[in-house]
Amino acid sequence: MKLSACMIVKNEEAMLRMTLPDLVKSVDEVILVDTGSTDGTVEYAKSCGARVYYFSWVNDFSAARNESLKHATGDWIIWIDADEYLKPDDFAKLKDGLAETKADSFMLQICECPMSTFKVNSYYLKRKVFKNGAGFHFERPINEQLYEANGQAPSEWQLISKVPIYHWGNFKNEADMEAKKIRNIALLERMVEQNPEDGIFHYLLAENYREIKRLKEAVAEYRQVLELKPGQGLAIDALTNLAWSYYKLKELKLAHKTAQKALELDQNNSSAPI
């Protein structure tokens, strides 16, 4: 069983120096698509053994992600960013899990940690591993989402436990992070205005509101997603994160009720606050 790691980067030399060496040792190949770096990203990646490709930036993260998938030759793909780190021992656990499964894709736990540490401040689940050649691809120009070949979001809630991804990116330069959040929210608010019946845009806006603790606005957007009657996969995600938002707002009865609805759709959903 061969595992490919696919990433897209721009000016990430400093972060790659912390994450890429162990990644290269832990997977069978690293596919790195550069979207216009002006620092030493490309040279450093090549020196570590990554296979480097180039893609002209078109303001579309999914387009760049999909370009990286074209070059992967592994049986399985993990899509990962320069500011995400898995311990080598955890990669071994991941490979063991993939060798035994009949599922096509998996969630992993994303742990938000201070730079270069494993001190978890918070965590969430994200679909990060999937079979190569099964039609999985990314859609949406920002906050890209993984879709199946039929154009639907995956509905199976499969988790490989005890294989955390440590995410250090939220502890980069504070000014840069604030600018990124403002950029994302402004773009997504425009998308929601232009596409009011598109549940994905409402969901992505809710996720970004939640990240900066604008929880009441997040709740409104999650509820809008559910009013639009989305597919099961999106409904489960929206209900789960809506339940957590209610919980953090101390609306405990609503949190419990919403978590119960999430569990009705997926009894194996272990991330609902119940």
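The working numbering puts the last residue of the sequence shown at 278; the count rises by one with no breaks.
Note that CB positions come from ideal geometry on N, CA and C, so glycine has one too.
- Using a 10 angstroms sphere on the CB of Asp270, the tally of other CB atoms reaches 16 or more, which defines it as buried.
- With respect to the C-alpha of Lys217, the residue from Ser41, Ser126 and Gly139 having the closest C-alpha is Ser126.
- Distance from the CA atom of Pro118 to the CA atom of Trp172, rounded to whole angstroms, is 6 Å.
- Proximity to Val28 across Lys166, Leu7, Ser41 and Glu231 peaks at Leu7, based on C-alpha coordinates.
- Residue pairing of Asp38 in beta bridges, as defined by DSSP: Val13 and Tyr58.
- Segment contact: the region 194-203 against the region 109-124, fewer than three CB-CB distances shorter than 8 Å; contact not assigned.
- Secondary structure note for Phe65: its alpha helix (DSSP H) is the uninterrupted segment Phe65 to Lys74.
- Here the alpha carbons of Tyr48 and Thr77 stand approximately 22 Å from one another.
- Straight through space, the alpha carbons of Glu182 and Leu209 are spaced by roughly 16 Å.
- When C-alpha distances from Ala9 are compared across Val34, Ala18, Leu267 and Asp87, the shortest belongs to Val34.
- Listed in chain order, the non-local C-beta contacts of Glu71 below 6 Å within the same chain comprise Val37 and Phe59, local neighbours out to five positions each way being set aside.
- Note that the region 236-252 touches the region 154-163; at least 3 beta-carbon pairs, one per stretch, sit closer than 8 Å.
- In the structure shown, Phe134 adopts extended strand secondary structure according to DSSP, grouped into three states.
- Beta-carbon to beta-carbon, Trp61 and Met111 are separated by about 29 Å, too far to satisfy the 8 Å threshold.
- The Cβ atoms of Arg69 and Glu148 lie closer than 8 Å to each other.
- A distance of 8 Å or more separates the beta carbons of Phe95 and Pro145.
- The C-beta of Met5 has fewer than 16 other C-beta atoms within 10 Å across all chains shown, which makes the residue exposed.
- DSSP links Cys115 through a beta bridge to Tyr127 and Tyr170.
- Around the beta carbon of Asn245, 16 or more other beta carbons sit within 10 angstroms, so the residue counts as buried.
- One thing to note: Lys135 has its Cβ within 8 Å of the Cβ of Trp80.
- Comparing C-alpha distances from Ala138 to each of Gly44, Leu129, Arg194 and Lys106 shows the shortest one belongs to Lys106.
- By the Cβ neighbour-count rule, Arg194 is exposed, with fewer than 16 other Cβ atoms within 10 Å of its own.
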